[in-house]
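Letter by letter, the sequence shown follows residues 981 to 1231 of my numbering.
Note that beta-carbon positions come from the ideal geometry of N, C-alpha and C, so glycine has one too.
All figures in this text were calculated on a predicted structure; none of them were measured in a lab.
Below: one structure, written as structure tokens.
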Amino acid sequence: MVVFEKPKSLTDAPLHYCPGCTHGIIHTLVAQAIDELGIEGTTIGVAPVGCSVLAYNYFKFDMAEAAHGRAPAVATGIKRALPENIVFTYQGDGDLASIGMAETVHAATRNENITVIFVNNAIYGMTGGQMAPTSLPGQVTQTSPYGRDTSTAGFPIRVSEMLATLDGPEYITRVAVNNVKNVRNAKKAIKKAFENQINGKGFSLVEVISSCPTNWGMTPQKALEWIDENMIPYYPLGVYKDRSAEKGEEA
């Protein structure tokens, strides 16, 4: 009996992510969902600038690169040109919630039939740990050494709550990957987001609360605890929009 095996949609390339980073978990969940749905041969991923910029090394299906923040626009073009393919973006918060916010909002309000995996670790990871749109009030970063001051930097953007106010999107949810229970729930959400696209339901975004031990200046274990103590209270987990459920349709 096989208890666990590496998803077929993942390559054997060693991950470049820092020790304790949960991008690897999220990659695995995406690959598992694609394997279980049998869509590896028709899937196209889009990775923009950020820690995920090298994602093409880790997935066996086709990957496209997008300019910083433009992944939803690139994914929209690919999906419209190849409507039979499954198209998803894999984006961090510095990418999606900052320079790419317009592309995200407009793809959502048009209900483009794409899937967005949004990794929120409350910091710019790849470029050295600057304050991101999702950095918490008082959070220390390279560009907020005394903590995020909301009087000058404003408040963090709650992307899932904001997108849920739009009429367009099909499915908006927030999950986390800091413990076994949350990882299992995250896998279900990611798989559902891909199923929505297969069934032509439209735009799905799964926001994944993730850790960044290196830029948070913590051990991997402490970073997972920090998610529970600080991230999740500010970014509550749960489904923020599910039009099928609202209509009483079967998942």
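8 angstroms Cβ cutoff met for residue i and residue j
| i | j | result |
| --- | --- | --- |
| Pro1193 | Ala1203 | yes |
| Pro1200 | Gly1000 | yes |
| Ile1152 | Lys1221 | yes |
| Ala1051 | Gly1080 | yes |
| Ala1088 | Gly1148 | yes |
| Ile1006 | Phe1174 | no |
Close beta carbons around residue i, own chain, < 7 angstroms, minus the five adjacent residues each side
| i | result |
| --- | --- |
| Asp1208 | Asn1158 |
| Val1120 | Gly1127 |
| Thr1114 | Asp1073, Ala1077, Asn1100, Ala1102, Pro1136 and Ile1137 |
| Asn1265 | In the structure as shown, the chain starts at 981 and stops at 1231, and residue 1265 therefore has no counterpart that could be examined. |
Residue range of the unbroken beta strand (DSSP E) whose run includes residue i
| i | result |
| --- | --- |
| Met1043 | Asp1042 to Glu1045 |
| Thr1069 | Ile1066 to Gly1072 |
| Thr1153 | Tyr1151 to Ala1156 |
| Ala1027 | Thr1023 to Ala1027 |
| Asn1100 | Thr1095 to Asn1100 |
C-alpha gap between residue i and residue j, whole angstroms
| i | j | result |
| --- | --- | --- |
| Leu1185 | Thr1095 | 6 angstroms |
| Met1106 | Gly1182 | 30 angstroms |
| Thr1023 | Asp1015 | 11 angstroms |
| Ala1035 | Gly1025 | 9 angstroms |
| Met1198 | Lys1227 | 44 angstroms |
| Phe1098 | Ser1124 | 23 angstroms |
| Leu1017 | Asn1179 | 12 angstroms |
| Phe1041 | Ala1082 | 27 angstroms |
| Ala993 | Thr1008 | 13 angstroms |
Other residues of its chain near residue i: CB distance less than 6 angstroms, five sequence neighbours each side excluded
| i | result |
| --- | --- |
| Glu944 | No answer is possible for residue 944: it lies beyond the span of the chain, which begins at 981 and ends at 1231. |
| Met1211 | Ile1189 |
| Ala1046 | Val1026, Pro1028 and Val1054 |
| Pro1117 | Arg1128 and Thr1130 |
| Glu1002 | Reading the sequence as shown, one finds Thr at residue 1002 and not Glu. Excluding residues within five positions, the ones whose Cβ falls inside 6 angstroms are Val1157, Ser1190 and Ser1191. |
Residue range of the unbroken alpha helix (DSSP H) whose run includes residue i
| i | result |
| --- | --- |
| Lys1221 | Run containing Lys1221: none in the alpha helix (DSSP H); it sits in the beta strand (DSSP E), Gly1218 to Asp1222. |
| Gly1004 | His1003 to Leu1017 |
| Val1033 | Unbroken run through Val1033: none, as it is neither H nor E. |
| Ile1170 | Val1160 to Ile1178 |
Nonlocal neighbours in the same chain, by C-beta distance under 8 angstroms from residue i, ignoring five residues either side
| i | result |
| --- | --- |
| Gly1004 | Leu995 and Tyr997 |
Query raised in the report: Are at least three pairs of beta-carbons, each pair with one atom in the stretch 1051-1063 and one in the stretch 1130-1150, less than 8 angstroms apart?
Result: Too few Cβ pairs lie closer than 8 angstroms, so no.
Query raised in the report: So does the stretch 1162-1181 actually touch the stretch 1106-1115, counting three or more Cβ pairs closer than 8 angstroms?
Result: Counting Cβ pairs under 8 angstroms, fewer than three are found: no touch.
**Report entry** Given 8 angstroms, three or more beta-carbon pairs between the stretch 1045-1060 and the stretch 1214-1221
**Finding:** Touching, no.
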